[in-house]
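2 protein chains.
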Amino acid sequence: MADTSWPTCSRILKGVILDLCGVLYDSGEGGGVAIPGSVEAVKKLKASGLQVRFCTNETQDARPSFVAKLQRLGFDIAVSEVFSPAPASVAVLKDRGLRPHLLVHDALFPEFDNVDTNNPNCVVIGDAAEKFTYQNLNEAFRVLIELEKPVLFSLGQGRYYKETDGLKLDVGVFMKALEYACDLKAEVIGKPSPVFFQSVLNDMGLQPREALMIGDDLVNDVGGAQRCGIQGIQVRTGKYR
Amino acid sequence: MADTSWPTCSRILKGVILDLCGVLYDSGEGGGVAIPGSVEAVKKLKASGLQVRFCTNETQDARPSFVAKLQRLGFDIAVSEVFSPAPASVAVLKDRGLRPHLLVHDALFPEFDNVDTNNPNCVVIGDAAEKFTYQNLNEAFRVLIELEKPVLFSLGQGRYYKETDGLKLDVGVFMKALEYACDLKAEVIGKPSPVFFQSVLNDMGLQPREALMIGDDLVNDVGGAQRCGIQGIQVRTGKYR
């Protein structure tokens, strides 16, 4: 972070938005590990009277089980404080009367429990990992190509991430694949979409200049926040190089 | 075709380049079926003294078995007359001293029999179909991301094709996926690459204006040929709409 801007910002600061993976914990076997000092940092932020929200592009898990995992790591965190792409997409789907064909991780399905998926008129893809098979991609493609106005929602646009057994392709890669196949532009839900950051601000009832985003990703966290007028700080943990 | 240009072209015409699928035969179960009149058309072209070559982006089969299939349909065709992306890529690999990681259909491997694939320093993808699994895509991605100067060859850039059981995603879709993941631009081998058409001209010893390309794909066949100065004609069979 730029030290010189901290005092200016801190005078009007009312809320902090924290990325999760790479900022508060490192993912891995058995739920990952808390980054040293992060459990205490969240505690202090909340004790200071600042509003705190958590903003993640995690789409391999539904929020309740995802949050339970973080609580086990020691974090003071509630489901209602966590913003992730899946529930944001549900709001968009309901708002626009869309019924999705879902190409997402099995563990994410609970987020779509109350969504009508019959006779789909759009496609939603998340980080489906092993479920990104040729057959499943063909199925999503066929839904899109049959539609008069094909709509593809991508829960994030990441290129890849690191797991204990190596680098893995992220959802953005398959978004690009389907974009090319159908000659369309996907709508990205999640960071760095300004709509996503705005929904966090709305929940806190704050103006952009009253909030601060802290993340490890220069494009999705810092860049996305800045495009909304939210000051962004990049930490030197997680994917920071 | 534009009838008015035919006489001009025919006066100096010395060679004809024919696309295969959609022009001479329709693919499908058991090797497909010849398009009515096409077996005779090839016979007449050859009898007229014109040089005839076949130019295809087929990468699900090695040429010998592919050509045998066409011979069974009645076509007068030899392996040496067929130009396809795999052998073209082998020439490029040898010329540039590259050792590929191959993500191609099992049936295509014989084309790469004499290619060193140890300690790969580039990736070649073809229409691998069911072999485009998450795991195989991750493997190709990891080879590329570890290279100082990653090189990706794509055997064609098609979006999709039709089989008897529905539309299927083609190699171009997975090319775009890996391009995005690695932030690179793939080198396309096959139609509509000018290098590919030029290799056919070289084989016939002809100038572009002495040849004619006949295909059913406006971009890959007609457009590709035209960019080389070869006149292109689109037939109304195959994928023509």
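So the protein lines, in turn, are chains A and B.
Residue 110 in the working numbering sits at position 110 of the first sequence, and the numbers go up by one each step.
Count along the second sequence from 1, add 1000, and you get the number used in the working numbering.
The beta-carbon is built from N, C-alpha and C at its ideal position, and this holds for glycine as well.
With contacts defined by Cβ atoms closer than 8 Å, F1054 of chain B and L1018 of chain B form a contacting pair. From the beta-carbon of N138 of chain A, the residues of chain B found nearer than 9 Å are Y1160, G1166, L1167, K1168 and L1169. One finds nothing in chain A with a Cβ atom closer than 7 Å to the Cβ of A1068 of chain B; even the nearest lies about 26 Å away.
Counting along the chain, Q231 of chain A sits inside no alpha helix (DSSP H); it lies in the beta strand (DSSP E) bounded by residues Q231 to Q234. L147 of chain A and C122 of chain A have their alpha carbons spaced roughly 8 Å apart. Under the Cβ criterion of 8 Å, V219 of chain A is not counted among the residues facing chain B.
DSSP places E1058 of chain B outside both helix and strand once states are collapsed to three, so it counts as coil.
Non-local beta-carbon contacts of R1227 of chain B in its own chain, meaning distances under 6 Å to residues more than five positions away in sequence, involve P1194 in chain order. Residue environment for D1116 of chain B: exposed (fewer than 16 other C-beta atoms within 10 angstroms of its C-beta). Identification of chain B residues near V143 of chain A by a Cβ-Cβ cut-off of 8 Å yields none; the smallest Cβ-Cβ distance measures about 11 Å. Residues S89, P100, L102 and F153 of the same chain have their beta carbon placed closer than 6 Å to that of V124 of chain A, with the five preceding and five following residues left out of the count.
Counting only residues of its own chain and dropping the five nearest sequence neighbours on each side, A62 of chain A has a CB closer than 8 Å to the CB of A86, A107, L108, F109, P110 and E111. For the region 1180 to 1194 of chain B, the set of residues with a beta-carbon nearer than 9 Å to any beta-carbon of chain A comprises Y1180, A1181, C1182 and D1183, in chain order. A211 of chain A and L201 of chain A do touch by the CB rule: their CB atoms are close to 6 Å apart, below 8 Å. Rounded to the nearest whole angstrom, the CA to CA distance from V151 of chain A to K176 of chain A is 14 Å. Contact note: A1078 of chain B does not reach chain A at a C-beta cutoff of 7 Å; the least C-beta distance is about 33 Å. Secondary structure remark: continuous beta strand (DSSP E) runs of at least 3 residues inside the region 1122 to 1200 of chain B, in chain order: 1122 to 1125, 1152 to 1155, 1160 to 1163, 1166 to 1169 and 1187 to 1189.
Listed by position along chain A, the residues whose Cβ is nearer than 9 Å to that of T1133 of chain B are E130, F132, T133 and Y134. The region 1031 to 1086 of chain B is shown to contain whole beta strand (DSSP E) runs of 3 or more residues at 1051 to 1055, in chain order. Check the Cα spacing between L98 of chain A and each of A:K162, A:K191, A:N114 and A:K239: the tightest is with A:N114.
Taking 8 Å as the Cβ-Cβ cut-off, the region 1019 to 1053 of chain B has no residue approaching chain A.
For L1045 of chain B and D1170 of chain B, the gap between their C-alpha atoms comes out near 31 Å. The CB of G1172 of chain B comes closer than 7 Å to the CB of Y180 in chain A, given here in chain order.
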